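Chemist:
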């Protein structure tokens, strides 16, 4: 359990740091790219405002340190082309401004044709080229496509992106290593408390045995001296119940402290073991005029702790014997690689739907608490611990008056 | 019947003494392992009833020491464990029976009576290729292995030629709790192997238990 807790602590801590890094770095990069796109759109707008080119022969006032599209050097540093598109004239696509070396004229015309079909008026082409589609102010049959090369502007952004990815991954990795190193120390107080609690439960149950023996024996002597009476019978019944609770608590404490890798796993014929336990219960069911239907696929082999699995079956059938109204069943089969055990009881008061609450310590249905049936509410908790130690799954549900427990091993 | 009871808890000691008295069993009481050995050496007892966690010397260690010089005396250990484990059963070389707390007085009295009756018979049972020595509660062939009362009732109920059902076996073996039968069968088989016997207790679905030669 402590190992699971430590694993969860490391996982959630690292995931939280990773999520935070992703959020912060994504925001930085998205804002960065959007700013590059916005600057590019400003430049294409400037070009669009002057019929597909920069204002010719305009003397721009020097402004040292100016940055962005408003810089007086923008017309000289922008690599771009503009194609005029005409619906009615002979030349449909005309390259009217060609100020770019990276693309051939043919490529420019080809791109213009492709981009003219786009619905979006602005956008990216081939990652680093920003385009704008716009109409002629005076002639509605004429439109333009301007494409500017933003490769140099995008390069720093790309570097920031790469650095973000490297930073994010290494940050996560460093966080993982750091948390891995400190988690053991961090979990230790919880681990110590947990073990002390387990030890306490085991010791308490151990130590209470002698006082229980004294009470039980004195009760018997009282009966011998005064004859049988209801009071002594009641005391005797409660001692038996208390003893069962103590045994179950000790068992639970032991199971909680066991690691899955430490259990005694060997190959054994689970069909035979289940059959053995089931045969024991048939006469008990008969005595109570209840039916037990057993369907076991023969010769199924399973690798696990045989004693624990037999204890599991015993708990399920004991549960069935106590709480079924008139009939119960036990099925054992294989599905794919898993051993499946299904135990069903008929019960009047059962609700339809999942009932995994039954695996909680001391839980008993209301009707069972009020009944004369002796139970501690710990049996199914023990069953769950056994299944968990075998890395299996156990479910409980109600369905049309039946209480069903399914075990997958 | 004279019994020596060794238990740390004085209240339980006195209760046990009073209880056994009702069944005409006289007893002496001691509070730790050292006192147990001293009392035992100065008196004659038919049975020792000892707590497994006696102070100064444990009930188990006291039993071991006594058994070295007395193979016939009956020794019962009272344990706080909820069940006697396979390890304890397999490593046991001196105790005739274990009784787990809390137990009923009548349960203890029945165990004492069964042990006394058994050891009083003084004869051996031949089964398979080994002996069950009733006086000592031992299995013997090439060597010997100590068994407890439950194990004795199981092994002595079995036959080579016929099967006995689970239900019938439980009927013949007094006091065996539900679910413990398989454990005792396992420990008996291990002990049979250890003494060099070529027999074991087998189970056949639909038929029951039987004593069979290993290669059958």
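Residue numbers (the numbering used here), protein chains in the order written: chain W, 1 to 409; chain U, 410 to 625. Cβ atoms here follow ideal geometry from the backbone N, Cα and C, with glycine treated the same way. Treat the numbers as computed from the prediction; the structure is a model and nothing was measured.
Alpha carbon to alpha carbon, how far is residue 607 of chain U from residue 465 of chain U? Give it in angstroms, no decimals.
Modeler: Their backbone Cα atoms lie some 42 Å apart in a straight line.
Chemist: Buried or exposed: where does residue 431 of chain U fall if 16 or more other Cβ atoms within 10 Å of its Cβ makes it buried?
Modeler: It is exposed - the Cβ of residue 431 of chain U has fewer than 16 other Cβ atoms within 10 Å.
Chemist: Measure how close the beta-carbons of residue 131 of chain W and residue 125 of chain W come, nearest whole angstrom, since I'm counting them as under 8 Å.
Modeler: Right, their Cβ atoms sit about 5 Å apart.
Chemist: Measuring straight from C-alpha to C-alpha, what distance separates residue 598 of chain U and residue 550 of chain U?
Modeler: Using only the alpha carbons, I get a separation of about 14 Å.
Chemist: Is it the case that the Cβ atoms of residue 331 of chain W and residue 295 of chain W are separated by a distance below 8 Å?
Modeler: Cβ distance < 8 Å, so residue 331 of chain W and residue 295 of chain W count as in contact.
Chemist: If you follow the beta strand (DSSP E) that residue 622 of chain U is in, where does it begin and where does it stop?
Modeler: Segment 617-622, the beta strand (DSSP E) holding residue 622 of chain U.
Chemist: From U/564, U/575, U/504, U/573, pick the residue whose C-alpha is nearest to that of residue 545 of chain U; which is it?
Modeler: With distances taken between Cα atoms, residue 545 of chain U lies closest to U/504.
Chemist: Could you pull out every residue in the same chain whose Cβ sits closer than 6 Å to the Cβ of residue 205 of chain W, ignoring the five residues on either side in sequence?
Modeler: Answer for residue 205 of chain W: 246, 249, 250, listed in chain order.
Chemist: Is residue 139 of chain W helix, strand or coil by DSSP?
Modeler: Coil.
Chemist: For the stretch 191-224 of chain W, which residues have a beta carbon sitting closer than 7 Å to at least one beta carbon of chain U?
Modeler: For the stretch 191-224 of chain W, which is checked against every Cβ of chain U, the residues closer than 7 Å are 206, 209, 210, 212, 213, 214, 216, 217, 218, 220, 221, 224.
Chemist: With 8 Å set as the bound, which would you pick, yes or no: does the beta-carbon of residue 511 of chain U sit closer than that to a beta-carbon of chain W?
Modeler: Yes, residue 511 of chain U counts as interfacial toward chain W.
Chemist: Which first and last residues belong to the alpha helix (DSSP H) in which residue 97 of chain W is found?
Modeler: Not the alpha helix (DSSP H): residue 97 of chain W falls in the beta strand (DSSP E), residues 93-99.
Chemist: Taking buried to mean at least 16 other C-beta atoms within 10 Å of its own C-beta, is residue 182 of chain W buried or exposed?
Modeler: Under this definition residue 182 of chain W is an exposed residue.
Chemist: Which residue or residues does DSSP assign as beta-bridge partners of residue 557 of chain U?
Modeler: For residue 557 of chain U, which the question treats as bridged, DSSP gives no partner whatsoever.
Chemist: Relative to the C-alpha of residue 445 of chain U, which candidate in U/459, U/435, U/455 has its C-alpha closest?
Modeler: For the residues U/459, U/435, U/455, the minimum Cα distance to residue 445 of chain U belongs to U/459.
Chemist: In terms of DSSP beta bridges, what is residue 414 of chain U paired with?
Modeler: DSSP, once it has assigned bridges, lists U/438, U/458 as partnering residue 414 of chain U.
Chemist: Do residue 456 of chain U and residue 449 of chain U count as a contact pair if the criterion is CB distance below 8 Å?
Modeler: No, the pair does not count as a contact, with Cβ atoms beyond the cut-off.
Chemist: If you measure from the beta carbon of residue 324 of chain W to each beta carbon in chain U, is any gap under 8 Å?
Modeler: By this cut-off, residue 324 of chain W is not an interface position.
Chemist: State whether the stretch 477-488 of chain U contacts the stretch 508-525 of chain U, with contact taken as three or more CB pairs (one from each stretch) at a distance under 8 Å.
Modeler: Flag = yes, the stretch 477-488 of chain U and the stretch 508-525 of chain U touch.
Chemist: Under DSSP, the beta strand (DSSP E) around residue 325 of chain W begins and ends at which residues?
Modeler: From DSSP, residue 325 of chain W is part of no beta strand (DSSP E); its letter is neither H nor E.
Chemist: Looking at C-alpha atoms only, which residue of W/307, W/321, W/313 is the closest neighbour of residue 283 of chain W?
Modeler: Ranking the options by Cα distance to residue 283 of chain W, first place goes to W/321.
Chemist: Any contact of the stretch 390-409 of chain W with the stretch 335-343 of chain W, i.e. 3+ C-beta pairs under 8 Å?
Modeler: With the cut-off at 8 Å, the stretch 390-409 of chain W and the stretch 335-343 of chain W touch.
Chemist: Beta carbon of residue 583 of chain U, beta carbon of residue 561 of chain U: below 8 Å?
Modeler: Taking 8 Å as the Cβ cut-off, residue 583 of chain U and residue 561 of chain U do not qualify as a contacting pair.
Chemist: Cα separation between residue 474 of chain U and residue 566 of chain U?
Modeler: Rounded to the nearest angstrom, the two C-alpha atoms are 31 Å apart.
Chemist: With a threshold of 16 other CB atoms inside 10 Å of the CB of residue 220 of chain W, please say whether the residue is buried or exposed.
Modeler: Buried.
Chemist: Quick one: Cα of residue 146 of chain W to Cα of residue 73 of chain W, how far?
Modeler: Each residue's alpha carbon lies about 19 Å from the other.
Chemist: Would you tell me roughly how many angstroms separate the C-alpha atoms of residue 421 of chain W and residue 193 of chain W, rounded to the nearest one?
Modeler: The first residue shown for chain W is 1 and the last is 409, placing residue 421 of chain W beyond what the model contains.
Chemist: Only counting the same chain, and skipping five residues up and downstream in sequence, which positions put a Cβ closer than 7 Å to that of residue 499 of chain U?
Modeler: Same-chain partners within the cutoff: 596, 599.
Chemist: For residue 432 of chain U, does the three-state DSSP call read helix, strand or coil?
Modeler: Note: residue 432 of chain U maps to coil in three-state DSSP.
Chemist: State yes or no: is the C-beta of residue 338 of chain W within less than 8 Å of the C-beta of residue 409 of chain W?
Modeler: It is a contact, given that the beta carbons lie within the stated cut-off.
Chemist: Just confirm the distance between the C-beta atoms of residue 554 of chain U and residue 603 of chain U, as a whole number of angstroms; I'd bet it's less than 8 Å.
Modeler: With 8 Å as the limit, residue 554 of chain U and residue 603 of chain U qualify as a contact, their Cβ atoms being about 6 Å apart.
Chemist: What residue does the beta strand (DSSP E) around residue 613 of chain U start on, and which one ends it?
Modeler: Counting along the chain, the beta strand (DSSP E) containing residue 613 of chain U begins and ends at 608-613.
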